[in-house]
Amino acid sequence: MSRQEEQQAGQAAQAQHAAIGVTHQTQTGYQRTQHPDAQWFGNAGLGLFIHWGISSVHGNIDLSWGMMADTPWDAHLHNQNKITPEEYFKLAERFNPDRYDPDKWLRAAKEAGFRYAVLTTKHHDGFTLWPSAQGDWGVQKYLQGRDLVRPYVEACRKNGLKVGLYYSPPDWHYHRHYMSFHYGSGDEARFPGRAHYGLRHEPLASLPPKPEGFDAAYRAYVRGHVEELLTRYGQIDVLWFDGGPAVITMEEIRALQPSIVVNPRMHGYGDFLTPECRMPEARPEGWWELCDIWPEGPWGYVKTERYKPTGWVLGRLAHVRSWGGNYLINVAPRPDGEMPAAYYERMAERRRSRPNAKPPRRKNAASNTAAAGWPTAAHPFWIRRRGPSPSSATSR
Numbered sequence: 116m117s118r119q120e121e122q123q124a125g126q127a128a129q130a131q132h133a134a135i136g137v138t139h140q141t142q143t144g145y146q147r148t149q150h151p152d153a154q155w156f157g158n159a160g161l162g163l164f165i166h167w168g169i170s171s172v173h174g175n176i177d178l179s180w181g182m183m184a185d186t187p188w189d190a191h192l193h194n195q196n197k198i199t200p201e202e203y204f205k206l207a208e209r210f211n212p213d214r215y216d217p218d219k220w221l222r223a224a225k226e227a228g229f230r231y232a233v234l235t236t237k238h239h240d241g242f243t244l245w246p247s248a249q250g251d252w253g254v255q256k257y258l259q260g261r262d263l264v265r266p267y268v269e270a271c272r273k274n275g276l277k278v279g280l281y282y283s284p285p286d287w288h289y290h291r292h293y294m295s296f297h298y299g300s301g302d303e304a305r306f307p308g309r310a311h312y313g314l315r316h317e318p319l320a321s322l323p324p325k326p327e328g329f330d331a332a333y334r335a336y337v338r339g340h341v342e343e344l345l346t347r348y349g350q351i352d353v354l355w356f357d358g359g360p361a362v363i364t365m366e367e368i369r370a371l372q373p374s375i376v377v378n379p380r381m382h383g384y385g386d387f388l389t390p391e392c393r394m395p396e397a398r399p400e401g402w403w404e405l406c407d408i409w410p411e412g413p414w415g416y417v418k419t420e421r422y423k424p425t426g427w428v429l430g431r432l433a434h435v436r437s438w439g440g441n442y443l444i445n446v447a448p449r450p451d452g453e454m455p456a457a458y459y460e461r462m463a464e465r466r467r468s469r470p471n472a473k474p475p476r477r478k479n480a481a482s483n484t485a486a487a488g489w490p491t492a493a494h495p496f497w498i499r500r501r502g503p504s505p506s507s508a509t510s511r
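Per the numbering used here, the very first residue in the sequence shown carries number 116; after that it's consecutive.
As structure tokens, then:
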């Protein structure tokens, strides 16, 4: 990844954070957790981010952001990677993960040296991967109550990985009648004259007013989700928020999960900082984690299933670790729950790159490793081979 590409990725993250209300991250006046069972995080090294949801059914749109028109980070695609919210929400009817096997995913990750994993239990589209008692937009309606979070948690424990849960408080399904699906509409300073869009991307003269009590009910809804995730699955090691509102205090979270590590994206402060897709300008103080994308394209699943070379990941990991951070690299399962073949190929390459690992047995090692993005004298690990991407979006 060139310096320019990295800057563009960072700018995309900033634009997306502004839309979902991720506040400025500061650790001023906050002391991170001192619980002895949380100290593993400071030297965790490598984590697996897993973005999965109903967008995978389509296969050419990002998770949630695929229904938001005219996002600036992928403007060159002219909305070819977008569908209307009405079309997006109907994807739930065809979401059928009949080959879901998180034990297989995580066994490969463990062998490759990963120490923790973080699964998107609910993204901005609002679809829950567990059967929540808060409404019916999730597996409780479309998969007959099948819980997709529990098998993941159990697979983490079986394979010796720390359990991380991602949860997005912003909920575009809950707000679908009272929000615009046209990025930046209403921001006259940045996008003068940009119209609000409705569920069919039709222009709206104005947004309907929310009914009385709507915001209070929404806050209770989000809080109910968080409490369910923190009380249904035993010990949770990482809670990865992605926006507000802050409906539960850090003290209340720790009362339910004393040894949990919490990121700062709900409260503006937390146990670790979370730069995204771009290295910080200077080494951060305290615990921190860089989240990044392994496949070519967005955070969610796309059918091309191209992954960046393992050498690229090794280079990024080395840089992050030299500054004392953790590297959370994202992958995306298919709609049936299976990981692409490229995922297992890259995990095997990463496994062979570890100290004391046996060298791969290949008839033509030089040509095969270079073709796979493997470090060789001719292709050192810091050089990334380039290729077209189905989507340059880095929104999450």
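All C-beta atoms in this analysis are idealised placements derived from N, C-alpha and C, irrespective of residue type, glycine included.
Keep in mind that this is a model prediction, so the values were computed, not measured.
Sequence-distant residues of its chain with Cβ nearer than 8 Å to residue i (five each side left out)
i: Leu319; result: Ser295, Ala310, His311, Tyr312 and Gly313
i: Glu343; result: Trp245, Ser247, Ala248 and Gln249
i: Ala184; result: Asn194, Lys197, Phe296, His297, Tyr298, Tyr312 and His316
i: Ile368; result: Val341, Leu345, Leu354, Ile375 and Val377
i: Tyr459; result: Ala223
i: Ser300; result: Phe306, Arg309, Ala310, His311 and Tyr312
i: Glu202; result: Met182
i: Pro323; result: His292 and Tyr293
Residue burial classification, residue i (beta-carbon count within 10 angstroms, cutoff 16)
i: Asp302; result: exposed
i: Arg305; result: exposed
i: His292; result: exposed
i: Ala127; result: buried
i: Asp330; result: exposed
i: Gly349; result: exposed
i: Ala487; result: Any answer about Ala487 is weak, because its pLDDT of 33 lies below 50 and its placement is not dependable; what the coordinates show is given next. It is buried - the Cβ of Ala487 has at least 16 other Cβ atoms within 10 Å.
i: Arg398; result: exposed
i: Asn471; result: exposed
i: Ser437; result: exposed
i: Gly144; result: exposed
i: Ser179; result: buried
i: Pro490; result: In this predicted model, Pro490 has a pLDDT of only 33, less than 50, meaning its place in the structure is not dependable; the value taken from the coordinates is given anyway. Its Cβ being crowded by 16 or more others within 10 Å, Pro490 is buried.
Other residues of its chain near residue i: CB distance less than 7 Å, five sequence neighbours each side excluded
i: Arg380; result: Val137, Phe356, Asp357, Gly358 and Thr389
i: Lys325; result: Tyr293
i: Tyr333; result: Tyr289
i: Phe204; result: His288
i: Pro373; result: His150
i: Gly275; result: Lys225
CB-CB length for residue i against residue j, believed under 8 Å
i: Trp414; j: His166; result: 4 Å
i: Arg451; j: Pro212; result: Note that residue 451 corresponds to Asp in the displayed sequence, not to Arg. That pair is a contact at about 6 Å.
i: Ser279; j: Val337; result: It is worth fixing the name first, because residue 279 is Gly in this sequence and not Ser. The pair is not a contact, with the Cβ atoms about 19 Å apart (cut-off 8 Å).
i: Lys273; j: Asp218; result: 6 Å
i: Ala130; j: Pro187; result: 6 Å
i: Val172; j: Leu206; result: 4 Å
i: Tyr416; j: Gly174; result: 7 Å
Residue range of the beta strand (DSSP E) that includes residue i
i: Tyr231; result: Tyr231 to Lys237
i: Lys277; result: Lys277 to Tyr282
i: Cys392; result: Cys392 -> no beta strand (DSSP E), and no H or E assigned at all.
i: Tyr203; result: Unbroken run through Tyr203 is the alpha helix (DSSP H), Pro200 to Lys205; no beta strand (DSSP E).
i: Leu192; result: Run containing Leu192: none; DSSP gives neither H nor E here.
i: Val254; result: Unbroken run through Val254 is the alpha helix (DSSP H), Val254 to Tyr257; no beta strand (DSSP E).
Start-to-end residues for the alpha helix (DSSP H) that takes in residue i
i: Tyr336; result: Phe329 to Thr346
i: Ile368; result: Met365 to Leu371
i: Trp427; result: Thr425 to Ser437
i: Tyr404; result: Note on residue identity: the sequence assigns Glu, not Tyr, to residue 404. Element bounds for Glu404: not the alpha helix (DSSP H) but the beta strand (DSSP E), Glu404 to Ile408.
Spatial neighbours of residue i in its chain, beta-carbon cut-off 6 Å, leaving aside the 5 residues before and after
i: Ile363; result: Arg338 and Val341
i: Asp286; result: Gly241
i: Leu432; result: Tyr442
i: Ala153; result: Ser374 and Val376
i: Gly168; result: Leu178, His238 and Phe242
Check your understanding: Can you find at least 3 beta carbon pairs, one from the region 420 to 435 and one from the region 374 to 386, that sit closer than 8 Å?
Key -> no
Point to revise | Segment contact flag, the region 152 to 162 with the region 257 to 270, C-beta cutoff 8 Å, min 3 pairs | key: no
Check your understanding: When the Cβ atoms of the region 442 to 458 are set against those of the region 209 to 223, are three or more pairs found closer than 8 Å?
Key -> yes
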